[in-house]
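To start, the structure under review is shown below, and the notes come after it.
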Amino acid sequence: MQDIKILQMNTHKSKTATFDLINEDKDSSYSDNYDIICIQEPWRDAYGNARQNYHWTMVYLYSRPVLGREVLLCSIILVNKRIPTGSWQTLEIPDTNDINIVVDVGTLEENVQALKTFMDMNGGFAWALAHNCNFALDKFIVIHFPHPRNGPTPKAPPLSLRDTTVKETESVCVLGVMLDSQLKWKVQQASALGEATSIVSALWRITWPSQGVSLKMIRRLYISVVILKMTYGLDVWYTPPHCPEGGQKRVGSVSALHGLEKVHRQALLSITGAMRSAPTDLLETHANLLPMRYLLEKICYRSLIRIFSLPDNHPIRKMASNAYQHRNTTTHSPPLQTLSRLFDPPAPSDVETITPLAHPPDYDVLFSCDIPPDKDQVYTREENNRRRINIYSDGSRIDSHAGAAAVLLDKQNPANNQVLQHQLSALKLHTTYEAEGIGVVLRLALLQNCLHTNQDNTNMIGLDSKSFIEATFNFKHRPRQYIIDEIH
Numbered sequence: 001m002q003d004i005k006i007l008q009m010n011t012h013k014s015k016t017a018t019f020d021l022i023n024e025d026k027d028s029s030y031s032d033n034y035d036i037i038c039i040q041e042p043w044r045d046a047y048g049n050a051r052q053n054y055h056w057t058m059v060y061l062y063s064r065p066v067l068g069r070e071v072l073l074c075s076i077i078l079v080n081k082r083i084p085t086g087s088w089q090t091l092e093i094p095d096t097n098d099i100n101i102v103v104d105v106g107t108l109e110e111n112v113q114a115l116k117t118f119m120d121m122n123g124g125f126a127w128a129l130a131h132n133c134n135f136a137l138d139k140f141i142v143i144h145f146p147h148p149r150n151g152p153t154p155k156a157p158p159l160s161l162r163d164t165t166v167k168e169t170e171s172v173c174v175l176g177v178m179l180d181s182q183l184k185w186k187v188q189q190a191s192a193l194g195e196a197t198s199i200v201s202a203l204w205r206i207t208w209p210s211q212g213v214s215l216k217m218i219r220r221l222y223i224s225v226v227i228l229k230m231t232y233g234l235d236v237w238y239t240p241p242h243c244p245e246g247g248q249k250r251v252g253s254v255s256a257l258h259g260l261e262k263v264h265r266q267a268l269l270s271i272t273g274a275m276r277s278a279p280t281d282l283l284e285t286h287a288n289l290l291p292m293r294y295l296l297e298k299i300c301y302r303s304l305i306r307i308f309s310l311p312d313n314h315p316i317r318k319m320a321s322n323a324y325q326h327r328n329t330t331t332h333s334p335p336l337q338t339l340s341r342l343f344d345p346p347a348p349s350d351v352e353t354i355t356p357l358a359h360p361p362d363y364d365v366l367f368s369c370d371i372p373p374d375k376d377q378v379y380t381r382e383e384n385n386r387r388r389i390n391i392y393s394d395g396s397r398i399d400s401h402a403g404a405a406a407v408l409l410d411k412q413n414p415a416n417n418q419v420l421q422h423q424l425s426a427l428k429l430h431t432t433y434e435a436e437g438i439g440v441v442l443r444l445a446l447l448q449n450c451l452h453t454n455q456d457n458t459n460m461i462g463l464d465s466k467s468f469i470e471a472t473f474n475f476k477h478r479p480r481q482y483i484i485d486e487i488h
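Counting along the sequence shown from 1, when you hit position 390 you're at 390 in UniProt numbering, and nothing is skipped either side.
See below:
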């Protein structure tokens, strides 16, 4: 725990006044009981521009000796301006900083020596002294990742730092995923399976036929809690079981799939309230859940597409493109290459990047829609249509390609009739829904070129895609968002 004093400075004070105010309270004996972190909120003018005092950076980075010792400042943080200027407050916060050091020099002995050199020779300990913090050496752990090709695994020498031997472990948790020394993901699979089993067992205990939680709620808890827990980082440690080319035996995370299928079946029994002898496929149908194999593949594929759909300026985008180009590498391939080879998705350059479009709060569409309940009313309204300009379009597929066409009809002057067509590429890259949207864009282009568009109640756009009509009034971002943006 660290004691922190919070101070908000007045940005209009001079350098001398700021220096004296910071060091004023340090002269007391109470200053030995806390670590000082100076916090300042920049003032803003009527136009929202920050007006900072340029002296505070210089003053905060240095301190003078207090009671025969040097008082060092840990860091500088900005706080809310509602804190009164010059106020002091004492807080206690835990130290939660995790530092990972990765060394790959050569042998295990050379790696251990490199760690010692990094910490001792103007490295980690010198940094801790300069920043007024201490390392808890008893919490340090070290894990080795040897890769012996032949023979037993070599034994690494112990790592000693300031007369403290660092504990050596066979597995470590990094960003919520367990890494073992052999990089086999066995520890992570066991951890995910054990956590999921405990949660599903708890769901089983709260399921009672008469007075327990409803089965509908049990299903919702399983989807929102259990599946998220046991599939955390799934695209990293799970490889979908598959048969390699020319092989007959499945490879991949076969044992992990079998374990998760058992947990999945136990959850299905809790959701449906069926007997233990009921077949699993029937339980999945009644619970409206995918089989565990396809559920895991769906999660991995979704993670892969999310990476592929990142914008071009994202640092991971280049890694995704390289992984897709080398996806056929089967020897020691990383998960990004393995999933690209198994699912064979489109190239990252062909995956749509959905860019949110910000609308003002008072934005409203400039057109209205009318969706008849049945086709008989559609025929009746079309027969009674007296509008001069009518535009019709449709999007469909033909010869494994998608395309759209729009027709403008002028009832008073048929010489003004116009036609626009646009052909998309293969259906592997486009959908009929997208073709319907392109048809709407073609209609708007015809409407802009028409001489009678400024007349009220003279224009009508006919569309046979109810889903796309409803999408034009829904501002939620979704695939093919660029078409909706063109319409608005």
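Virtual Cβ for every residue (Gly too), placed ideally from N, Cα, C.
Since the structure is predicted, the reported quantities are computational estimates derived from the model, not experimental observations.
Residue i to residue j span [Cα, whole Å]
i, j, result
"GLU352", "THR197", "38 Å"
"LEU289", "ASP281", "10 Å"
"LEU310", "PRO479", "14 Å"
"ILE101", "LYS167", "15 Å"
"GLN325", "TRP127", "42 Å"
"ARG387", "THR380", "14 Å"
"CYS173", "LEU137", "18 Å"
"GLU436", "ASP362", "28 Å"
"SER396", "SER467", "14 Å"
"GLU170", "VAL187", "10 Å"
"GLU382", "LYS375", "11 Å"
"GLY176", "ILE99", "14 Å"
"LEU336", "LEU420", "42 Å"
"PRO373", "ASP485", "28 Å"
"THR432", "SER333", "36 Å"
"THR329", "LEU304", "17 Å"
"GLY68", "ALA114", "With a pLDDT of 45 at GLY68, under the threshold of 50, the modelled position of that residue is not reliable, and no figure is offered here."
"TYR482", "GLU470", "16 Å"
"GLU434", "ASN413", "32 Å"
"ASP364", "GLY212", "47 Å"
"ILE398", "ASP104", "57 Å"
"TYR62", "ILE143", "Confidence at TYR62 is low in this model, with a pLDDT of 43, below 50, so its placement is unreliable and the value that follows should be read with caution. Whole-angstrom Cα-Cα distance: 38 Å."
"HIS314", "ARG327", "20 Å"
Closest by C-alpha distance to residue i, when choosing among the options
i, options, result
"PHE343", "CYS300, GLU486, HIS144 and HIS332", "CYS300"
"MET338", "ALA323, PHE475 and CYS133", "A quick correction: the sequence has Thr, not Met, at residue 338. Comparing Cα positions, the closest option is ALA323."
"GLY403", "ALA426, ALA114, LYS411 and ARG388", "ALA426"
"LEU161", "ASP485, LYS139, SER210 and SER400", "LYS139"
"ILE206", "GLY106, SER277 and LEU221", "LEU221"
"LYS229", "ALA192, CYS243 and LEU203", "ALA192"
"LEU447", "THR165, ILE389, ILE305 and THR472", "ILE389"
"GLY194", "LEU215, ILE227 and THR165", "ILE227"
"ASP370", "THR231, PHE145, THR472 and CYS133", "THR472"
"LEU215", "VAL251, LEU179 and LEU268", "LEU268"
"HIS401", "ASP180, HIS430, PHE145 and LEU283", "HIS430"
"LEU203", "MET217, ILE141 and ARG250", "MET217"
Buried/exposed call for residue i, threshold 16 Cβ in 10 Å
i, result
"PHE308", "buried"
"MET292", "buried"
"ASP350", "exposed"
"GLY246", "exposed"
"MET121", "exposed"
"LEU183", "exposed"
"THR239", "buried"
"PHE367", "exposed"
"ALA130", "exposed"
"ASN384", "exposed"
"ASN111", "buried"
"ALA347", "exposed"
"SER29", "Interpretation of SER29 is limited by its pLDDT of 42, a score under 50 that renders its predicted location unreliable; the figure taken from the coordinates is listed afterwards. Looking at its Cβ environment, which holds fewer than 16 other Cβ atoms inside 10 Å, SER29 is exposed."
"HIS264", "buried"
"ILE391", "buried"
"ARG219", "buried"
"PRO241", "buried"
"TRP185", "buried"
"GLU109", "exposed"
"ARG306", "exposed"
Contact with chain B by residue i, beta-carbon distance below 7 Å
i, result
"PRO291", "Note that chain B does not occur in the displayed structure, where there is just one protein chain."
*asked:* Ignoring anything shorter than 4 residues, give me the alpha helix (DSSP H) runs that lie fully in the stretch 272-330, in order along the chain.
replied: 280-287, 292-308 and 315-325
*asked:* When you compare the stretch 232-250 with the stretch 297-312, are there three or more beta-carbon pairs, one atom per stretch, that lie closer than 8 Å?
replied: yes
*Please confirm if the stretch 270-279 is in contact with the stretch 252-260, defined as three or more CB-CB distances below 8 Å between the two stretches.*
no
*Report the residue ranges of all beta strand (DSSP E) runs contained in full by the stretch 366-440; include only those spanning at least 3 residues, in chain order.*
389-398, 401-410 and 418-426
*asked:* Taking contact to mean 3 or more Cβ pairs, one atom from each stretch, closer than 8 Å, check whether the stretch 403-417 and the stretch 435-447 are in contact.
replied: yes
*Any chance you could list the beta strand (DSSP E) runs of at least 3 consecutive residues sitting entirely within the stretch 177-216, in chain order?*
177-180
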